[in-house]
Amino acid sequence: METSRKTLSFSDALHHLLVMMLTFIRGVYSMPVPTDVPMCTASETAQYSLMFTGKWTQAAFPKQYPVYRPPAQWSNLIGVTHSYDYHMWQSNEFASNGVREFAEKGEAWTIMEEVETAGERIQSVYGILSAPAVVGGTGQMNTEFEVFARHSYLSFIVRIVPSPDWFVGADSVDLCDGDHWKEKVTLELFPYDAGTDSGFTFSSPNFETIPQDRIMQITSSFPSHPANSFFYPRLKHLPPIAKVTLTKIKKMNQIISLPLEPTQSNLLLTGNEIEDQLINTPLDCEVSAWSPWGLCKGKCGDSGVQHRTRYIIMHPANNGAACPLLEEERKCFPDNCL
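Those letters in the sequence shown? Residues -30 to -1, 1 to 308, per mature numbering (1 follows the signal peptide of the UniProt record, and there is no 0), in order.
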């Protein structure tokens, strides 16, 4: 309950900041762009609704699934509508300080300053959008935003909570197709590592990555470390951990319509979304290495028995491979018999 209250308080503060920044950004006009770049020629602006759906279930991601302190959840969504020459973040590039703070702590102030600076310096940012946090792995959040021809791209980021520096998002989704706007765009989202923290598990303590790595997509085999919370060597691909649906709606007079009640983001899934909950990722049992052989127990002159043991690191789930034997014995002859 305490975590929920902190999240909602941050949402309220962030909404106020975004409203003030939108007032500034609306007054910024785009600069001319090179003619060799494909351009959107749509004559009118377009209004879109954005629906974020969490698909982070214990069935789909059973390994180390966080159930408390804190449980699986999502941060606020922070997004930007912009021109082709701006990037909030990019795969295989270094994260900015703002992306770093957001991916590690969920703090958005620095990334907002970076957006504002981009709007002043290269005039590539048109609008900022936000949706409230989701207190649960499978909730939903939504918002609305506006785009126009010279700023037809959308980028956004959502932090995975808890995690060292993991997030989901999209970089430069073009909503324009020639002279018209796309009616609907669906994005399946997969986890990314911001490259700023070296933790392997959802609940890893803060351990700064020095030197900083590039932003990389996390897969079922990368990072290739058995401790990694997303390491599923039996899978070719991870299932999507979230989804965003962008739907064109009738034009409205305001650039952005922020949700009034952040608690409305924690909605139950309905309709086709229920099918996503049926994903069952097999998790094989993991055991430790064998202990050293114990003392040989037996009478002098006769063969004895000695034992060694191992313990379960990860219990199997969803029809994963069962655990092997945890104890072994072998014949031996007692040493130092008198």
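For each residue, glycine too, the CB sits at the ideal point set by N, CA and C.
Status (buried if at least 16 other CB within 10 Å, exposed otherwise) for residue i
i, result
"V128", "buried"
"N112", "buried"
"I180", "exposed"
"I98", "buried"
"T(-24)", "Low local confidence applies: a pLDDT of 41 at T(-24) is under 50, so the model's placement there is unreliable, with the coordinate-based value given in what follows. It is buried - the Cβ of T(-24) has at least 16 other Cβ atoms within 10 Å."
"N62", "exposed"
"S125", "buried"
"Y56", "buried"
"I282", "exposed"
"T87", "exposed"
"I(-6)", "Per-residue confidence for I(-6) stands at a pLDDT of 43, beneath the threshold of 50, marking its modelled position as unreliable; the derived number appears in the next sentence. I(-6) should be labelled buried."
"E71", "buried"
"N46", "buried"
"G148", "exposed"
"R39", "exposed"
"T251", "buried"
"L295", "exposed"
"A259", "exposed"
"C270", "exposed"
"S100", "buried"
"Y(-2)", "At Y(-2) the pLDDT is 39, less than 50, meaning the model places this residue with poor confidence and gives no usable figure here."
"V275", "exposed"
"L230", "Because L230 sits at a pLDDT of 40, beneath the cut-off of 50, its placement in the model cannot be relied upon, and the point is left open."
"W79", "exposed"
Delimiting residues of the alpha helix (DSSP H) encompassing residue i
i, result
"A73", "67 to 75"
"M82", "79 to 91"
Residue i vs residue j beta-carbon contact at 8 Å
i, j, result
"F22", "Q93", "no"
"F118", "T15", "yes"
"K218", "E153", "yes"
"I185", "A30", "no"
"G89", "A42", "no"
"V257", "C307", "no"
"A73", "W151", "no"
"L157", "V143", "yes"
"H121", "S173", "no"
"E297", "T279", "yes"
"G264", "P304", "no"
"L253", "P102", "no"
"I81", "I48", "yes"
"W59", "D141", "yes"
"V105", "V95", "no"
"L145", "L20", "no"
Supposed close pair residue i, residue j - CB separation, criterion 8 Å
i, j, result
"Q34", "S191", "Their Cβ separation, rounded to whole angstroms, is 17 Å, which puts Q34 and S191 out of contact at 8 Å."
"Y162", "T51", "Between T51 and Y162 the Cβ distance is about 21 Å, and since that is not below 8 Å, they are no contact."
"G165", "Q187", "G165 to Q187, Cβ: 11 Å. No contact."
"S273", "C302", "7 Å"
"D167", "P196", "At roughly 19 Å, the Cβ-Cβ gap does not stay under 8 Å, so D167 and P196 are not in contact."
"G68", "W44", "The pair is not a contact, with the Cβ atoms about 18 Å apart (cut-off 8 Å)."
"V138", "I211", "6 Å"
"C266", "G290", "At roughly 36 Å, the Cβ-Cβ gap does not stay under 8 Å, so C266 and G290 are not in contact."
"F115", "Y18", "6 Å"
"P209", "P132", "Wrong, their Cβ atoms sit about 20 Å apart, outside the cutoff."
Bridge partner(s) assigned by DSSP for residue i
i, result
"Y123", "H52, D144"
"M284", "E256"
"A212", "G24, L159"
"R129", "F137"
"M186", "D163"
"I219", "Q17"
"V104", "W44"
"H195", "None, per the DSSP bridge assignment."
"residue 320", "Look at the range of the chain in this structure, -30 to 308, and you will see that residue 320 is not part of it."
"H207", "Its beta-bridge partners do not exist; DSSP assigns none."
Host beta strand (DSSP E) of residue i (start-end)
i, result
"E116", "110 to 117"
"V155", "154 to 159"
"Y18", "16 to 24"
"H277", "274 to 279"
"A302", "A quick correction: the sequence has Cys, not Ala, at residue 302. Element bounds for C302: 297 to 302."
"G97", "95 to 101"
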